[in-house]
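Counted from 1, the sequence shown has number 108 at position 30 by the working numbering; the numbering is strictly sequential.
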Amino acid sequence: MSALSTTDAPAAGHAFGAATSKAASRRSVRDALLLMDGSDADERLVKVADCVAATFDTHLEAALLNEIPIPNIFANDVNVDSIYSFREFDAQAIERLAKERTERLERTGQRFEFRRIEALSFEMEIVVSHMARTVDLVVVARPYDGTARRPELLEAILFEGGTPTLVVPPMASAMDPKAPVVIGWKNTLECARAVTGALPFLQRAASVHLVSIEEHDAEESSGREPMADMARHIARHGVDVEIRHLPRWDHPAQALLHEAGVIGAGLLVTGAYGRSRLREWILGGVTRELLQETQLPTLLAH
């Protein structure tokens, strides 16, 4: 590959060849946290986690979450016996679900540990964020699908857990680790962390495309485009990467999804952007729109 001057801005479609001076060491995913909630989404989570484990020899930490609703103790018609009966029925249902999920994981043939997590709704966010800190990857179903799945859990994982998170939409029943990957590029800390977390997937992908969408406030530092620097960094890990510049769209999420469709991507990678609300962080509009609309597994990091 010919040398690229640091003062030259690469044209759209410029490809950065993988570094060949020394063999780049392959990254891996040693362990992954699989968060199940007892819904139909658990089946596609297991399929995606199975693909990840088969590719990287990943140890799966599977958890079945049971969020306990907080009873309204000020209601006039609270019946203690009814609450006890409901909890007893709930415990039986969770026991049955745990057995079914354990048997399903056993059929994958992958190494795994299974645990049941029971906590009040507000405590569950703390529990899952702490669990996320001790693994390489979190695999979780997408919220926003008209289910009881709360987006607050995903936000807690991203903003408090700090671990790259693979969000699986309803349409993704499996995952091909060798499929093309599209990276939604912005010169931000969040995007840089997402790229680092995605390196195991990038090193095995058929092709990698670093895609930027034109913005009025796009930065260039002394003619050295940060996007080109990131492409060089990825290439040094043994990855051939192509950069693409897209014109400005009213909805950046739609632009990225359109490009992923054109390329035939099997994975999206992007930073998880949020805004502060009192003491909490919630996902920003663009990230939320992307998750609501995508049909691909999406790797996020904050």
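In this text, a Cβ means the ideal position worked out from N, Cα and C, and glycines have one as well.
For clarity, every value in this text was computed on a predicted model and none was experimentally measured.
Under 8 Å between C-beta atoms of D341 and P258: Correcting the residue type first, residue 341 is Ile in the shown sequence and not Asp. One thing to note: I341 has its Cβ within 8 Å of the Cβ of P258.
How is the alpha helix (DSSP H) around L111 delimited, first residue to last? No alpha helix (DSSP H) holds L111; the beta strand (DSSP E) holding it covers D109 to M114.
Sequence-distant residues of the same chain with beta carbon closer than 7 Å to R282, five excluded per side: Same-chain partners within the cutoff: T133, P255 and K256.
Between L346, L368, R228 and K125, which has its C-alpha nearest L280's C-alpha? L346
Below 8 Å between beta carbons: does that hold for V245 and V286? Taking C-beta atoms as the reference points, V245 and V286 fail to come closer than 8 Å.
Just to confirm before moving on: does the CB-CB distance between F192 and R211 stay below 8 Å? no
Are at least three pairs of beta-carbons, each pair with one atom in the segment 103 to 122 and one in the segment 203 to 218, less than 8 Å apart? yes
Give the straight-line distance between the Cα atoms of S99 and V317, rounded to the nearest whole angstrom. For S99, the predicted structure reports a pLDDT of 46, less than 50, and the residue's modelled location is therefore unreliable. A value from the coordinates is still provided. Looking at the two C-alpha atoms, the distance is approximately 13 Å.
Spatially closest choice to E184 from A140, I321, E303 and P278, by CA coordinates: A140
So is G91 buried or exposed if we call it buried at 16+ other beta carbons inside 10 Å? exposed
Take D120 as the anchor and find which of E196, E203, L142 and L267 has the nearest alpha-carbon. L142
Under the three-state reduction of DSSP, which class applies to T274: helix, strand or coil? helix
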